[in-house]
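Reading through the structure tokens given below for one structure.
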Amino acid sequence: MPAITPDTIRDLAAFDSAGAPVTSCYLDVDGRRLRKHQDVEQELEALLREVRTQANGTASVHDDLKRIETYVRSGFDRSTTRGLVIFSCSARDLWKVIPLPVPVRSRVIINNVPAVGQLESVVQELDRFGVLLADRQRARMFVFELGELVDRSELLDELPRDYDTRGEKERGDVAPHVDALAQQHLRRAADAAFTMFQTQGFDHLCIGGPDATVGELESLLHPYLRDRLCGRIAVAPSASVDEIRRAAIVVAAQQERAAEAEMVSRLRDAVGSGHRGVAGLDDTLAALAEHRVEVLLVSDGYQASGWSCGPCGVLTAVGRRCKVCDGEMTEIGDIVEEAVDHAMAQSCKVEICIDNADLDVLGRIGALLRF
Ligand SMILES: [Zn+2]
């Protein structure tokens, strides 16, 4: 699976089609839902049927759809791919296939630019994530990216064997010694986690194991790792890698939802005070045109039609004369995707917010402004 970096997405967002339409195809190919290859072909066929009518008379889009269809029909490895993202602009030689280990929402978008919003959202959700599991003898450290295991390390420090079965009185004199060994083990576990952080790097760390152990382990972590702690995970240190992977995805999603909620709350305050914040499609597009956007916030799944100015590139909700340059504007099927792309090309941060009712109330789109 090729690594997707923020550069991959920014490069796509910066792609200049010089007016030619760009086809973006998101296809859910999850083998748990679509068992046979034929099911995938049907999923694609249903999608393409919808857009073929829009593509009426556009040779480049027609070629894009043909090429996407041929690619999907010829088959690809579905053991590791659950979502497929394809960007194509036949008129300008753009063809990029990005297989993802996680499912996507099936959709085909024909715009002036690659529709990178959903791809960005997936990458944000599943950025590098560390999981540290430990009890008094065992420690396991994992790093996941895009929901897949990237690296792991395991360590086992044996305690005196019958430690746990000995009576309180009997073990009286060995107990301090055993506690010291257990503490030494946790220190080694914390060191192993830091070594993994230095070699692999990750943005968040969650930690699991018996409460007493986890509490002590947290206090032994390097400050860099303590800063990245994002909660505890309810998985036994002996769990299977798949159990751990699934639990990590849940925590990563919670972490991302919390980050989104914080950003939306900043937006709400900014809009409320009338200082450095706009909400709603019109005002957000206007701020984007003036290059004032620092963070663009969009509700996941929000779509709206709008207009794009040929001569100056400005986006608006209402056309057809450009208010900036008086140029002729063209109608765009999904102005929201176009706005996400513009924002990324301007190096703004883009936050796609999932299930955030506060942002929905604000008009499903908004921006924190630089000035
Ligand atoms: Zn214009």
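Just so you know, we're using the numbering used here here: the sequence shown kicks off at 6 and counts up by one.
Yeah, the Cβ is synthetic: ideal placement off N, Cα and C, and Gly gets one too.
query, result
"Strand pairing of D33, partner residues [DSSP]", "G88"
"contact_flag[the segment 124-143, the segment 195-208] where n(CB pairs < 8 Å) is 3 or more", "yes"
"Under 6 Å, CB to nearest heavy atom of ligand 3: contacting residues", "With respect to small molecules bound, the structure shown includes ligand 1 and not ligand 3."
"Buried or exposed by the 16-neighbour rule on C-beta atoms within 10 Å, applied to Y307", "buried"
"Where the beta strand (DSSP E) through R237 begins and ends", "234-237"
"DSSP state of V276 mapped onto helix, strand, coil", "helix"
"P108 classed as buried or exposed, judged by whether at least 16 other C-beta atoms fall within 10 angstroms", "buried"
"Selected residue, minimal CA-CA separation from Q142, among E153, E150, E159, V148", "E159"
"For A198, the first and last residue of its enclosing alpha helix (DSSP H)", "180-205"
"Rounded separation between L17 and E295 - CA only", "22 Å"
"Sub-8 Å separation of R233 and E299 beta-carbons", "no"
"Three-way DSSP call (helix, strand, coil) for R251 in this model", "helix"
"Straight-line gap, A217 to P181 (C-alpha atoms, nearest Å)", "16 Å"
"R281 in three-state terms, based on DSSP", "coil"
"Where the alpha helix (DSSP H) through I340 begins and ends", "340-350"
"A128 classed as buried or exposed, judged by whether at least 16 other C-beta atoms fall within 10 angstroms", "According to the sequence displayed, residue 128 carries Val and not Ala. Burial call: buried."
"Counted within 10 angstroms of its Cβ, other Cβ atoms place V366 as buried (16 or more) or exposed", "exposed"
"Simplified DSSP state of V66, which is helix, strand or coil", "helix"
"Integer-rounded CB distance, given that D69 should sit under 8 Å from S95", "5 Å"
"Contacting residues, own chain, Cβ-Cβ under 6 Å from A284 (five flanking each side not counted)", "V276, L367, G368, G371"
"Start and end residues, beta strand (DSSP E) containing G311", "311-314"
"L191 and L222 closer than 8 Å at C-beta", "yes"
"Element boundaries [alpha helix (DSSP H), containing P11]", "11-18"
"CA nearest to the CA of G311, picked from Q59, Q43, R325", "R325"
"Cβ-based neighbour list, T58, same chain, cut-off 6 Å, excluding 5 preceding and 5 following", "none"
"Rounded Cβ spacing between A252 and I238 (contact assumed at less than 8 Å)", "5 Å"
"Proximity winner among G315, K328, V355, C330, relative to E336 (alpha-carbon distances)", "G315"
"Contact belief for S29 with F92 at Cβ below 8 Å, rounded distance in angstroms", "5 Å"
"Three CB pairs or more closer than 8 Å across the segment 266-273 and the segment 347-366", "yes"
"Euclidean distance between Cα positions of D363 and E343", "23 Å"
"Buried versus exposed, by CB contacts within 10 Å (16 or more), G122", "buried"
"S93 - DSSP class collapsed to helix/strand/coil", "strand"
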